[in-house]
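Residue numbers (numbering that gives the first Met the number 0), protein chains in the order written: chain A, 0 to 429; chain B, 0 to 465.
Beta carbons are placed, not taken as given, at the ideal position from N, Cα and C, and that holds for glycine.
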Amino acid sequence: MSNRLKSIEHEIIKCMKCGNCQAVCPLYKETRAENAVARGKVQLAAAVLGGKLDYTAELAHRFDLCLTCMACVSNCPCGVRVDRVVLEARAALAEKRGLPLPHRVAAAGLARPALMQMGMKAAGVTQKLLFKRGERGMSPRFPVGLDLKRVLPALAKKDLKEQLPEKNAVQNPVMRVALFAGCVTNYVYPGVGLALVEVLNRHGVEVVFPKEQHCCGAPLLIHGIKDTAKEMAASHVHMFDAAGVDAVVTVCGTCGEAFRHHYPELLSGRAKDAGKALALSGRTYDIAEFLTDIVPLDHTLLGPLDTHFTYHEPCHVGRGLGAAGKAEKLLKAIPRATYSPMQDPGRCCGGAGSFSFEHYKLASQVLDRKLSDISGTGAGVVVTGCGSCRIQLNDGLAQRKMPQRVLHTVEMLAHSITGAREEGNYNGRQ
Amino acid sequence: MLQKEIINELVKIMGKENVITGREDLLCYSYDATPDVPDPLPDVVVTPVNTGQVSQLVQIARQYKVPLYPRGSGTNLSGGTVPLKGGIVLSLLKMAEIMEVDAENLTATVQPGVIIQDLNNAVAPHGLLYPPDPGTVATATMGGSVAECSGGLRGLKYGVTKHYVMGLEVVLADGQVARFGGKTVKNVTALDMVKLFTGSEGTLGIITEIIVRLIPAPEARKTMFATFTNLSDAGNAVISIVKNKVIPATLEIMDQVTIKTVENFSQIGLPTEARAILLIEVDGIPEVVEQEADTVLQVIQNNNGRVQMARDEQERDNLWAARRAALPALAQVKPTTVLEDATVPRSKITEMLLALEEIAEKYNLQIGTFGHAGDGNLHPTILTDERDKEEMERVHAAVKEIFEKALALGGTLSGEHGIGMAKSSFLEWELGAGGVGVLHKIKNALDPEGILNPGKMGFNGGTGHE
Numbered sequence: 000m001s002n003r004l005k006s007i008e009h010e011i012i013k014c015m016k017c018g019n020c021q022a023v024c025p026l027y028k029e030t031r032a033e034n035a036v037a038r039g040k041v042q043l044a045a046a047v048l049g050g051k052l053d054y055t056a057e058l059a060h061r062f063d064l065c066l067t068c069m070a071c072v073s074n075c076p077c078g079v080r081v082d083r084v085v086l087e088a089r090a091a092l093a094e095k096r097g098l099p100l101p102h103r104v105a106a107a108g109l110a111r112p113a114l115m116q117m118g119m120k121a122a123g124v125t126q127k128l129l130f131k132r133g134e135r136g137m138s139p140r141f142p143v144g145l146d147l148k149r150v151l152p153a154l155a156k157k158d159l160k161e162q163l164p165e166k167n168a169v170q171n172p173v174m175r176v177a178l179f180a181g182c183v184t185n186y187v188y189p190g191v192g193l194a195l196v197e198v199l200n201r202h203g204v205e206v207v208f209p210k211e212q213h214c215c216g217a218p219l220l221i222h223g224i225k226d227t228a229k230e231m232a233a234s235h236v237h238m239f240d241a242a243g244v245d246a247v248v249t250v251c252g253t254c255g256e257a258f259r260h261h262y263p264e265l266l267s268g269r270a271k272d273a274g275k276a277l278a279l280s281g282r283t284y285d286i287a288e289f290l291t292d293i294v295p296l297d298h299t300l301l302g303p304l305d306t307h308f309t310y311h312e313p314c315h316v317g318r319g320l321g322a323a324g325k326a327e328k329l330l331k332a333i334p335r336a337t338y339s340p341m342q343d344p345g346r347c348c349g350g351a352g353s354f355s356f357e358h359y360k361l362a363s364q365v366l367d368r369k370l371s372d373i374s375g376t377g378a379g380v381v382v383t384g385c386g387s388c389r390i391q392l393n394d395g396l397a398q399r400k401m402p403q404r405v406l407h408t409v410e411m412l413a414h415s416i417t418g419a420r421e422e423g424n425y426n427g428r429q
Numbered sequence: 000m001l002q003k004e005i006i007n008e009l010v011k012i013m014g015k016e017n018v019i020t021g022r023e024d025l026l027c028y029s030y031d032a033t034p035d036v037p038d039p040l041p042d043v044v045v046t047p048v049n050t051g052q053v054s055q056l057v058q059i060a061r062q063y064k065v066p067l068y069p070r071g072s073g074t075n076l077s078g079g080t081v082p083l084k085g086g087i088v089l090s091l092l093k094m095a096e097i098m099e100v101d102a103e104n105l106t107a108t109v110q111p112g113v114i115i116q117d118l119n120n121a122v123a124p125h126g127l128l129y130p131p132d133p134g135t136v137a138t139a140t141m142g143g144s145v146a147e148c149s150g151g152l153r154g155l156k157y158g159v160t161k162h163y164v165m166g167l168e169v170v171l172a173d174g175q176v177a178r179f180g181g182k183t184v185k186n187v188t189a190l191d192m193v194k195l196f197t198g199s200e201g202t203l204g205i206i207t208e209i210i211v212r213l214i215p216a217p218e219a220r221k222t223m224f225a226t227f228t229n230l231s232d233a234g235n236a237v238i239s240i241v242k243n244k245v246i247p248a249t250l251e252i253m254d255q256v257t258i259k260t261v262e263n264f265s266q267i268g269l270p271t272e273a274r275a276i277l278l279i280e281v282d283g284i285p286e287v288v289e290q291e292a293d294t295v296l297q298v299i300q301n302n303n304g305r306v307q308m309a310r311d312e313q314e315r316d317n318l319w320a321a322r323r324a325a326l327p328a329l330a331q332v333k334p335t336t337v338l339e340d341a342t343v344p345r346s347k348i349t350e351m352l353l354a355l356e357e358i359a360e361k362y363n364l365q366i367g368t369f370g371h372a373g374d375g376n377l378h379p380t381i382l383t384d385e386r387d388k389e390e391m392e393r394v395h396a397a398v399k400e401i402f403e404k405a406l407a408l409g410g411t412l413s414g415e416h417g418i419g420m421a422k423s424s425f426l427e428w429e430l431g432a433g434g435v436g437v438l439h440k441i442k443n444a445l446d447p448e449g450i451l452n453p454g455k456m457g458f459n460g461g462t463g464h465e
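What follows is the structure in structure tokens.
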């Protein structure tokens, strides 16, 4: 058990307790409690290692309170990988204490693609029973483990797997890539997947869409469910290796991080998978990276968009994949579109996957700062590169009755390329 | 464990949400940024929201004779907030209001939990500046930095925290609330109690409100970066810049160990054969800044230095990169970073730097030195590993010798970090028995029960790691 923390001891002892993480931690900014900030968590982990603290329920709660936004990591003078310390601590706690029921149920669903597919279909049908449709999305009718105020997006009528063929070919392709869509894109914002195919096809890139793909496993890893995450990693590594593509393209920083960082680490002990995982890791790109570094965005394809936009940098795109600023640069190339940068675009929106479901109030406080920054730009469209951020931003915009719409980077590019007037979600070629 | 009775009374005053007793949470208040000091758990952490609550809880602490440790962000480097003898940690982070920015009197009134940078952000629109800028400016609180009398990079020209504190509200050890000083530039009413409480490290009272002096923000600045192949040339340049009537806002030095470590860490093209680098910034009225920059350039050239001047903000940023990377780069070499702040008169900088090299060699330790050359405040940084007992013994011996040397050169134990636990056993070297006796008399007069931050500054039996 404590082997887990022992394996990360080299990170824990690097912390010189300077407290610089206080300046950037979104949760510390709200609570001003030392247990919320990275220094506190690293010292808690050190205390467990040193036998001063047990794997208590209270300790599990403390480690729950982290957005894994990595702001502390990028601001740490000692280079402590706080994210890894938090994940190992969660894994150790999950093994030692077991998981809370909602986590177990959710994890079981995410880990079984067929069940998940069926469940989401059923949810698509039954969501009207549980949720009432508002102008901006759905709100729970009953307290189904969600805050009643919360506005969630409706599940897509047809998910991406139903809309997108396995092979999206072009003549004389310059490259063949595989799309890893991720759960939110598949079930909530399938337009992002369609937009990606549109944009890449126009660049002469063939896109394959392996239909057996499922959740990347990061949500499980983030909750400390490491063994299942490992199986999910292996399944994707085999699937995408077999696809024989030049690159894997993702539209979510967390999914991108799963392929690039988590899979090689999770599978490092398995001789037959480790090499494949490493090879895939080296050719996985977020769409913003792909259009910057691999097949650069062809500016001659871009048509004018009369739109005023701002950009929110998802934590796992900017800091996680180290792609900060890339999407922004692509978007600025769109003719006639006005770009107003927001204050601190890389600060977490509070979404953080399921964090906002479990800690709605705290997540909303974090979001409030982001909404003020958005409002300060005067822009009508918020572009971002992550489905989870988008759900969070949409909820906040609805709560505050703000008029902005949220789009994915690749949807904006698709609109510009196809000449669509509509600034809404991408619905395929008009 | 504290009696249940005491906890109940604290809850009665502040409400349950402001009284923290869970072991997991208490652990997070057992340390600050100081390496190599004990880290005992407090019995309870309280987060009062106003002066009245502070006063009430001080009375309870006094009644039950429970130690009380005021705490801001816990970023100090002297063990100043460690709850050495158990008891109550008093976090002032929930008293964090900027109460007033008075542009007419050039003052600001703040609660102790305000972050220094936040104050500066609030006064910037008025064209004003609060100059003290410790390295922790983005995290440290005003209360903490007043209690520790923090310095920073601008000390040479602008002074340190004590030069900006004009008035204080303090809760005394008997729970009474006292106010000293105010908004007037001139104030000689009775003893200067504002200065007494500034830098008192939480041992004399709890600071609950602060009036600080602001200055008009300088309009222009010029940044220069000079490399020297000879240490005494660098030292002489520092002295003669000031001799030539230029007082730079920043006059920083990095030694060769630091230069090599930074270059190894971030590959920004530093000349690793250089024995010292100076980073110099002059600021003020544009015409004066031009003249001062010219003088600095000349002085550096006369002392065989190679100099670069930033032409724009981007270049300024590049020149600052090395200095900014100094501590992070050093900190990554080994798990434990012992950061000292022995300070000598400016004219003794070269001698001190050479002595530090000798000490490093004598005790076979890695010591990188950087710091505020202009005010003689150096940061010899010992790179070590707390788990290596044998090496830690050599570290302690080296630290002792660093203090001896600084004092022999007419300097002081601490330029800006304070005494706390870490340096209390050396106090008598600098102050003599008579001087230490005065400290104890003042302490006994103001806190006869010894409940305020016991174990710091040599009060109430705390001697730190020695």
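For residue i and residue j, what's the separation of their Cα atoms in angstroms?
i: B:L230; j: B:I348; result: 10 Å
i: B:R310; j: B:D316; result: 11 Å
i: A:L431; j: A:S387; result: In the structure displayed, chain A extends from 0 to 429; residue 431 of chain A sits before or after that span and is not available.
i: A:V244; j: A:R175; result: 5 Å
i: A:E29; j: A:F179; result: 35 Å
i: A:A32; j: B:L338; result: 26 Å
i: B:I205; j: B:G86; result: 16 Å
i: A:L412; j: A:S339; result: 17 Å
i: B:T462; j: B:Y163; result: Bear in mind that the predicted position of B:T462 carries a pLDDT of just 41, short of 50, making it unreliable; the figure below should be weighed with that in mind. Roughly 31 Å between the two C-alpha positions.
i: B:V398; j: B:G417; result: 15 Å
i: B:L128; j: B:T411; result: 28 Å
i: B:A123; j: A:L159; result: 50 Å
i: B:Q52; j: B:I441; result: 26 Å
i: A:D430; j: A:I333; result: In the structure as shown, chain A starts at 0 and stops at 429, and residue 430 of chain A therefore has no counterpart that could be examined.
i: B:A432; j: A:D63; result: 52 Å
With DSSP run on the structure shown, which of helix, strand or coil describes residue i?
i: B:F224; result: strand
i: A:F289; result: helix
i: A:M15; result: coil
i: B:E312; result: helix
Note the first and the last residue of the continuous beta strand (DSSP E) segment covering residue i.
i: B:I209; result: G204 to R212
i: B:D254; result: T249 to D254
Alpha helix (DSSP H) containing residue i: first to last residue?
i: A:V36; result: No alpha helix (DSSP H) holds A:V36; DSSP gives it neither H nor E.
i: A:A431; result: Nothing can be reported for residue 431 of chain A: it is not among the residues displayed for chain A, which extend from 0 to 429.
i: B:F484; result: Here chain B has residues from 0 to 465 only, and residue 484 of chain B is not among them.
i: A:R83; result: V81 to R96
i: A:D53; result: First-last for A:D53: undefined, no H or E at that position.
i: B:E427; result: L426 to L445
i: A:A155; result: No alpha helix (DSSP H) contains A:A155, which DSSP labels as neither H nor E.
i: B:Y68; result: Looking at the DSSP string, B:Y68 is not in any alpha helix (DSSP H); the run it does join, the beta strand (DSSP E), is L67 to R70.
i: B:F196; result: M192 to F196
Leaving out five residues on either side along the sequence, give the residues of the same chain with a beta carbon under 6 Å from the beta carbon of residue i.
i: B:A225; result: L277, I299, G304 and V306
i: B:T383; result: K333, T335, E390 and V394
Can you name the residues of chain B whose CB is closer than 9 Å to the CB of residue i?
i: A:K13; result: A330, Q331 and P334
Residues of chain A with CB closer than 8 Å to the CB of residue i, please, in chain order.
i: B:L326; result: P76
i: B:Y63; result: What B:Y63 touches in chain A: nothing, since even the nearest Cβ is about 25 Å away.
Listing by chain order, which chain A residues have their CB less than 7 Å from the CB of residue i?
i: B:L92; result: R31
Among residues of its own chain, excluding the 5 on either side of residue i, which ones have a beta-carbon nearer than 8 Å to its beta-carbon?
i: A:D343; result: D372
i: B:I59; result: I5, E8, L9, I12 and V65
i: A:V236; result: Y262, L266, D272, K275, A276 and L279
Going along chain B, which residues have a C-beta under 7 Å from residue i?
i: A:Q21; result: S72 and T138
Please list, in chain order, the chain B residues whose beta carbon lies closer than 8 Å to that of residue i.
i: A:G375; result: The premise fails here: A:G375 is roughly 15 Å from chain B at the closest Cβ pair, so nothing lies under 8 Å.
If you drop the 5 nearest sequence neighbours on each side, which residues of the same chain put their C-beta closer than 7 Å to that of residue i?
i: B:N104; result: K182
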